[in-house]
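So for the sequence shown, the working numbering puts the first residue at 13; every next one is plus one.
Read the structure below first, then the notes.
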Amino acid sequence: MINLAGENKFEQIKKSRSKIQHYRNTISSTMCPVRRQWLENQLIVEIDNIIHCIEGNYRETREITIEELSSFNGTEGRPAYAAVNGIVYDVSNEATWGGATHFGLVAGKDLTAQFNGCHGTAAVLSQLPKVGILKQSP
13 MINLAGENKF EQIKKSRSKI QHYRNTISST MCPVRRQWLE NQLIVEIDNI
63 IHCIEGNYRE TREITIEELS SFNGTEGRPA YAAVNGIVYD VSNEATWGGA
113 THFGLVAGKD LTAQFNGCHG TAAVLSQLPK VGILKQSP
């Protein structure tokens, strides 16, 4: 299971259960087929996380290169990802990232310097789904 925040299994399961409930409620009220598909995929991810947590298995952490990250810019139906401090987050459904932009910043980039210059704390990131780690260039 991806555990980039040092959480114990109980905390991970609790968060996944909460996300599952949110996704289920949202699916029933959404009319957009693209959003519905994304929500259904997120349900599968969270169910998979719980199964792996219960079984004691750990999923390999996905490494994302800066080149791969640039393709996750929120355009043409792709998710919007942003990297901060080596962790890649999915900002697709974050309200402050509407249109895959956030106060002039665009998704698909390593925004560590900008984030640390503005927020300075990781608490802002704790509610965002973590999708992997940024693979450093040699």
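Backbone N, C-alpha and C define an ideal beta-carbon position, used for all residues, glycine too.
Out of the options, state which residue places its alpha-carbon closest to the alpha-carbon of residue i.
i	options	result
Leu-117	Gln-139, Leu-137, Val-136, Ala-94	Ala-94
Ser-149	Leu-81, His-114, Phe-115	Leu-81
Leu-123	Val-96, Thr-73, Ser-138	Val-96
Ile-56	Ala-119, Cys-130, Ser-40, Arg-36	Arg-36
Lys-142	Cys-44, Thr-38, Ile-39, Ala-92	Ala-92
Here's the rule I'm using: 16 or more other beta-carbon atoms within 10 Å means buried, otherwise exposed. How should residue i be labelled?
i	result
Val-46	exposed
Glu-58	buried
Phe-22	exposed
Ser-28	buried
Phe-84	buried
Gly-120	buried
Phe-127	buried
If I measure Cβ to Cβ from residue i and keep anything under 8 Å in the same chain, skipping five residues before and after, which residues do I get?
i	result
Leu-140	Tyr-101, Asp-102, Val-103, Glu-106
Gly-111	Gly-86
Asp-89	Note on residue identity: the sequence assigns Gly, not Asp, to residue 89. Hits under 8 Å: Val-46.
Thr-42	Arg-48, Leu-51
Using C-beta distances below 7 Å, list every residue in its chain close to residue i, excluding the 5 sequence neighbours before and after it, in chain order.
i	result
Gly-98	Ile-145, Leu-146
Asn-69	Note that Asn-69 has pLDDT 40, beneath the 50 cutoff, so the model's placement of it is unreliable and the number below is only indicative. If we look at Asn-69 and ignore the five residues flanking it on each side, it has no Cβ neighbours.
Problem set entry | Ranges of the beta strand (DSSP E) found wholly within the region 36-108, counting only runs of at least 3 | 93-96, 99-102
Exercise. Does the region 102-110 touch the region 74-81, meaning 3 or more C-beta pairs lie closer than 8 Å?
Worked result: no
For this session: Check whether the region 24-41 touches the region 51-64, taking contact to mean three or more Cβ pairs, one atom from each stretch, closer than 8 Å.
Result: yes
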